Amino acid sequence: MARRGGVLELAVLGLLHEAPMHGYELRKRLNARFGWGRALSYGSLYPCLKSLLARDCVREDSSADDTDRTSAGNTARRRARIVYRLTPAGEQLLTELLAEGGPSAWDDDNFGVRLAFFARTDATVRLRILEGRRRRLEERLDRTRAQLHRTQERLDTYALELQRHGVESVEREVHWLSDLIASERVGHPAAADQPEDQRPEDQHPRERHPEEH
Numbered sequence: 040m041a042r043r044g045g046v047l048e049l050a051v052l053g054l055l056h057e058a059p060m061h062g063y064e065l066r067k068r069l070n071a072r073f074g075w076g077r078a079l080s081y082g083s084l085y086p087c088l089k090s091l092l093a094r095d096c097v098r099e100d101s102s103a104d105d106t107d108r109t110s111a112g113n114t115a116r117r118r119a120r121i122v123y124r125l126t127p128a129g130e131q132l133l134t135e136l137l138a139e140g141g142p143s144a145w146d147d148d149n150f151g152v153r154l155a156f157f158a159r160t161d162a163t164v165r166l167r168i169l170e171g172r173r174r175r176l177e178e179r180l181d182r183t184r185a186q187l188h189r190t191q192e193r194l195d196t197y198a199l200e201l202q203r204h205g206v207e208s209v210e211r212e213v214h215w216l217s218d219l220i221a222s223e224r225v226g227h228p229a230a231a232d233q234p235e236d237q238r239p240e241d242q243h244p245r246e247r248h249p250e251e252h
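Each residue of the sequence shown is one higher than the one before, counting from 40 in this note's numbering.
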């Protein structure tokens with residue numbers, strides 16, 4: 040899956056699978072679900088929708104919006120708004136994207152979005168992604184601990200606390216992932232408490248969000 044554009048495409052397809060919606064509502068849902076905030080603008084969302092439309096993965100329908108009135112208040116007209124809907128081709132693309140379980144699925148850019156759609160992801164793929172993510176974080180944890188050991192004598196109190204906080208954050212996520220993996224292996228997806236810095240609506244601080252084009 041391509042970086043940035045690919046993760047946004049998956050997020051759009053996944054939300055449109057839940058319900059058709061206007062572009063404004065889609066942007067609101069994306070920000071609420073994944074915590075992208077200002078990083079996701081219409082300048083990045085609409086090129087994604089345009090690409091999906093060109094591939095017949097999404098279609099546009101018109102719907103009547105709220106009534107507009109003149110300043111006199113006695114004349115009304117209806118404005119047409121565009122509603123985006125998933126097509127059969129879009130359903131197929133979503134299925135294909137959710138079946139991907141390679142290294143890009145557990146990197147910082149993609150993992151939160153993949154996790155948000157685990158209910159539609161095959162159990163084998165879920166486990167592969169969780170294990171890959173844990174390995175990635177264990178490697179990061181080893182590097183961070185080694186760096187802390189090398190530099191702690193040269194750091195002031197605040198810089199040292201910041202590095203310790205980074206280590207503790209990764210440790211919490213590794214523990215949480217281990218719980219999820221254990222539950223997946225026995226066939227009972229866990230309702231484990233997510234670390235606050237890894238919830239889909241408030242992703243890991245190290246993650247990069249889709250940027251404006």
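A virtual CB, placed ideally from N, CA and C, is assigned to each residue, including glycine.
Because the structure is a prediction, the values reported are computed rather than measured.
Judged by DSSP in its simplified three-state form, Glu-139 adopts coil rather than helix or strand. Setting aside the 5 residues that flank it on each side, Glu-223 is surrounded in the same chain by Ala-162, Arg-165, Leu-166, Leu-169, each with a C-beta closer than 7 Å to its C-beta; the list follows chain order. Between the C-alpha atoms of Glu-192 and Thr-134 there is a straight-line separation of about 51 Å. In this structure, Ala-128 lies near Cys-96, with their beta-carbon atoms less than 9 Å apart. Glu-99 is bridged by DSSP to Tyr-123.
In this structure Thr-190 is exposed. Its beta-carbon is surrounded by fewer than 16 other beta-carbon atoms within 10 angstroms.
The residue from Asn-70, Leu-176, Glu-200 with its alpha-carbon nearest to that of Val-209 is Leu-176. Straight-line measurement puts the Cα of Gly-151 at about 20 Å from the Cα of Val-206.
DSSP places Gln-202 in the uninterrupted alpha helix (DSSP H) bounded by 196-224. Counting other Cβ atoms within 10 Å of its Cβ, Gly-141 stays below 16 and is therefore classed as exposed. Rounded to whole angstroms, Gly-74 and Ile-220 show a C-alpha spacing of 25 Å. For a cut-off of 8 Å, the C-beta gap from Val-213 to Leu-187 is around 16 Å, too long to register as a contact.
The Cβ-Cβ distance between Ala-144 and Arg-72 does not fall below 9 Å. Under the criterion of beta carbons closer than 8 Å, Leu-47 and Ser-101 do not qualify as touching, at roughly 24 Å.
When the Cα atoms are used, Gly-53 and Arg-98 turn out to be separated by approximately 15 Å.
Between Arg-184 and the set Arg-124, Glu-200, Pro-86, the nearest pair of CA atoms involves Glu-200. Partner residues in the beta bridge of His-61, as assigned by DSSP, are Val-122. For Asp-148, the three-state secondary structure derived from DSSP is coil. Boundaries of the alpha helix (DSSP H) harbouring Arg-173: 162-190, taken from the DSSP string.
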